[in-house]
Amino acid sequence: MIQAICPASCGELLQGYIYGGEKLISYGVDLFSKASLIEDKTKEKKIIPNRYKKAYRIMKEVFKYYDYCEKDYENIVIKIDSKIPIAKGMASSTADLVATTLATATYLNKDITEMEIARLCINIEPTDSTVFSKLTLFDHLKGDFIKEYDNLPDCKVLLLEGKEKIDTIDFRKTDHTELLIKNKDIMKKSLEHFEKGIKNRDLKEIGRSSTLSALANQKILYKSGLEDMVEISEKLGAYGVNVGHSGSVIGILFNDKNMDIEKFKYEINKKKYIDNYISFSIYNIVPGGGKIIKA
Numbered sequence: 003m004i005q006a007i008c009p010a011s012c013g014e015l016l017q018g019y020i021y022g023g024e025k026l027i028s029y030g031v032d033l034f035s036k037a038s039l040i041e042d043k044t045k046e047k048k049i050i051p052n053r054y055k056k057a058y059r060i061m062k063e064v065f066k067y068y069d070y071c072e073k074d075y076e077n078i079v080i081k082i083d084s085k086i087p088i089a090k091g092m093a094s095s096t097a098d099l100v101a102t103t104l105a106t107a108t109y110l111n112k113d114i115t116e117m118e119i120a121r122l123c124i125n126i127e128p129t130d131s132t133v134f135s136k137l138t139l140f141d142h143l144k145g146d147f148i149k150e151y152d153n154l155p156d157c158k159v160l161l162l163e164g165k166e167k168i169d170t171i172d173f174r175k176t177d178h179t180e181l182l183i184k185n186k187d188i189m190k191k192s193l194e195h196f197e198k199g200i201k202n203r204d205l206k207e208i209g210r211s212s213t214l215s216a217l218a219n220q221k222i223l224y225k226s227g228l229e230d231m232v233e234i235s236e237k238l239g240a241y242g243v244n245v246g247h248s249g250s251v252i253g254i255l256f257n258d259k260n261m262d263i264e265k266f267k268y269e270i271n272k273k274k275y276i277d278n279y280i281s282f283s284i285y286n287i288v289p290g291g292g293k294i295i296k297a
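Position 157, counted from 1, in the sequence shown is what the numbering used here calls 159; the numbers after and before it change by one each time, with no gaps.
Given below as C-alpha cells:
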C-alpha cells in the first residue's frame, strides 16, 4: 500500500485578473485528503464511488504519462479518506488529485515534480495552488506557474463554512471576464500588498491584500455579511479576511495573541446573515503540496 496526503485550503488569499489573465494564490490548512493505492488481484469488478472517479482518471493519466498501458493499472484500487467539505471552495478535489498523483508516481518508482503534478491535474479540472509546497501565484485554468513566494508567517484561520455548494465546473460555465477585468486595478493593489507583506513578514499587509480581493469578488460571487465581518474582525484584531472566490467559505486570518476570536463569534452570531453559514472551525495554516506518508 502507498499513501499520500495533500491539504485543503480555506479559499484563496487572492484571485482575479493579474498579468493579463485570471490567477490565484491559495494556502493550505491542516485538514487533509489521504489517497491510498492498493493492489487487488481478486479480479472482482470494481464499483467506483462518485467521489473517486476523478482520482481514477488522474491515476490513469499518470500511468499514461509514464508510457504504461491499461493492463498495468487494472489491479489497483484507490481509497480516498477525506473530511474536506465538498463544493465549498476548500480545494477538496485538488487535494484528492494531488495525493492520488503523488501516490501513483511513487508506486511507479518515479520522481515527479510539483509542476508536473499541477499540469496533470489541470487535465482533469481547474486546480488550486495548494498543489505547491510554497505560496504560488498560479494560472489555475492553464496550469502556468507564475511566481513562487515564501510561506505565511505563523498564523491561524477561523473558517466559516457556507451552506451553499458551488460546483467549480458549473461556476466556470458563466463568463466572468468582464467583471474580472473591471477589478484588475484592485487586484494590482492586492498583489502589491501581498508581495510587500511576504517580503517584510507582515501579516497585516497580507491581510489587506486578502480583504481587497475578497470584497472585489462580491460582484462575482456574493457572500452574505462579508462587509460586516471585515469591519468586526478588524476591530477585534484580525489581520484580514479571505474567501473562496468560487466557493462559500470565508476565512478570518488571526493570531491568538492579537484577536479575541470568541468575541468575534459572539458578535456575528447575533447577526441574521449567520443563518447562511453552517459552522466555525479553527485551522492552522500549513504548507501546500503532496506528501508520501506510507510507501
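Note that the Cβ used here is the ideal one computed from N, Cα and C, for glycine as well.
Assigned exposure category for residue i - 16 Cβ within 10 Å defines buried
i: Q220; result: exposed
i: C123; result: buried
i: E233; result: exposed
i: K158; result: buried
i: C71; result: exposed
i: P51; result: exposed
i: T96; result: buried
i: E41; result: exposed
i: R53; result: exposed
i: I316; result: Nothing about residue 316 can be reported from this structure: the residues present for the chain run from 3 to 297 only.
i: A297; result: exposed
i: E207; result: buried
i: N2; result: Nothing about residue 2 can be read from this structure; the chain reaches only from 3 to 297.
i: G290; result: buried
i: G22; result: exposed
Closest by C-alpha distance to residue i, when choosing among the options
i: D187; options: C8, I4, Q17 and A6; result: Q17
i: E264; options: G292, S235 and I60; result: S235
i: G292; options: D32, I4 and E116; result: E116
i: E24; options: I168, Y268, N125 and L181; result: L181
i: A101; options: E118, V245, S38 and K62; result: S38
i: K274; options: L228, K81 and A89; result: L228
i: I114; options: V133, T129, E127 and I86; result: V133
i: H178; options: L223, D83, S211 and L110; result: L223
i: D74; options: F140, V251, V64 and S135; result: V64
i: V245; options: L15, A6 and E127; result: L15
i: I287; options: G22, I148, I4 and P155; result: P155
i: K66; options: A93, M92, T103 and D98; result: T103
i: S248; options: K175, I82 and L137; result: K175
i: F34; options: D277, N77 and A6; result: A6
i: K90; options: I252, P9, D98 and K55; result: I252
i: T44; options: D277, N77 and M92; result: N77
i: R210; options: K201, L193 and S226; result: L193
i: G13; options: S215, D83 and M231; result: S215
i: D69; options: K144, V243, K112 and I183; result: K112
i: Y58; options: K149, T138, V243 and D98; result: D98
i: R121; options: Y109, K136, S28 and F140; result: F140
Backbone secondary structure at residue i - three-state DSSP
i: D141; result: strand
i: V133; result: helix
i: G227; result: coil
i: G242; result: strand
i: D146; result: strand
i: S248; result: coil
i: I114; result: coil
i: I80; result: strand
i: Y68; result: coil
i: G91; result: coil
i: I270; result: helix
i: I287; result: strand
i: Y58; result: helix
i: I168; result: coil
i: E197; result: helix
i: I126; result: coil
i: D187; result: helix
i: T176; result: coil
i: D312; result: Past the boundaries of the shown model lies residue 312; the chain is included only from 3 to 297, so the question cannot be answered.
i: Y109; result: helix
i: T103; result: helix
i: K73; result: helix
i: R203; result: coil
For residue i, the residue or residues it bridges with in DSSP
i: I17; result: Ile is not the amino acid found at residue 17; the sequence shown has Gln there. In the DSSP output, where bridge partners are listed per residue, Q17 has L26.
i: I4; result: L39
i: K237; result: None, per the DSSP bridge assignment.
i: A10; result: V31
i: N52; result: Paired residue(s): none; N52 is not in a bridge.
i: F282; result: L162
i: I294; result: A6
i: Y151; result: L137
i: L255; result: V159 and G242
Own chain, CB closer than 7 Å to residue i, minus 5 neighbours either side, in chain order
i: K267; result: F282
i: P87; result: S94 and E163
i: T213; result: V232, G242 and V243
i: I148; result: Y21, K25, L139, F140 and D141
Sequence-distant residues of the same chain with beta carbon closer than 8 Å to residue i, five excluded per side
i: K256; result: Note that residue 256 is Phe in the sequence shown, not Lys. C157, K158, V159, L160, S235, G239, A240, Y241 and I263, listed in sequence order.
Interface flag, residue i vs chain B, CB-CB below 7 Å
i: Y58; result: The structure shown contains no chain B, having only a single protein chain.
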